[in-house]
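*Asks:* Structure in structure tokens, see below.
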Amino acid sequence: MVLSPNEEGKVGEIKRNVRNYHVCPYCNKKFEIGVENFTLKELSEKDCYPYPHLHLHGNPLHAMLCYIDRDLTIRSVGFIKSIEISRDYATFKQLMKKWSNPY
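Numbering of the sequence shown is given in the working numbering, commencing with residue 2 and proceeding in unit increments.
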């Protein structure tokens with residue numbers, strides 16, 4: 002998906018990228034990780050660091066589990082091959098909402 006210049010300017014309003022890229026230990030693909038601003042606000046209010054962040058990707062589907070500190074630096078990464086997704090309407094709706102968000 003190609004973002005318009007107007008849409009590109011909004012990315013920083015919605016999500017902040019962490020300070021370092023990371024390579025998935027399972028597939029060796031390099032990713033730029035971002036955390037939504039509303040989540041960062043909640044975390045800072047509750048002082049919940051390091052924060053676990055899950056990044057789903059790949060075929061077969063797997064995930065990177067990243068621990069992100071207060072400075073938005075990834076401190077450690079693991080991978081998850083065993084993923085179970087609930088097959089209910091609410092979960093499907095939220096997955097589609099995340100997937101369709103270009104940011």
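Glycine included, C-beta positions come from ideal geometry on N, C-alpha and C.
#1: Just list the residues that DSSP pairs Lys16 with in beta bridges.
#2: On the three-pair Cβ rule with 8 Å, is the stretch 37-44 touching the stretch 92-100?
#3: Excluding the five sequence neighbours on either side, which residues of its own chain have a C-beta within less than 6 Å of the C-beta of Lys1, listed in chain order?
#4: Give me the Cα-Cα distance between Val12 and Glu33, rounded to the nearest whole angstrom.
#5: For Tyr68, does the three-state DSSP call read helix, strand or coil?
#6: Using 8 Å for Cβ pairs, my map puts Tyr50 next to Arg71. What's the rounded Cβ distance?
#7: Alpha carbon to alpha carbon, what distance is there between Lys47 and His58?
#8: For Cys67, collect the residues of the same chain with a Cβ closer than 7 Å to its Cβ; drop the 5 residues on either side in sequence, then sort them by chain order.
#9: Once you ignore the five residues that flank Ile84 on each side, which residues in its own chain have a CB closer than 8 Å to its CB?
*Replies:* In this structure, then:
#1: Glu37
#2: no
#3: Look at the range of the chain in this structure, 2 to 104, and you will see that residue 1 is not part of it.
#4: Residue confidence is low: Val12 scores 46 on pLDDT, short of 50, so the model does not pin down where it sits. Its coordinate-derived value is still stated next. One C-alpha to the other measures close to 13 Å.
#5: strand
#6: Confirmed, about 5 Å.
#7: Whole-angstrom Cα-Cα distance: 29 Å.
#8: Around Cys67: His23, Ile34, His54, His56, Ile75, Val78.
#9: Leu57, Leu62, His63, Ala64
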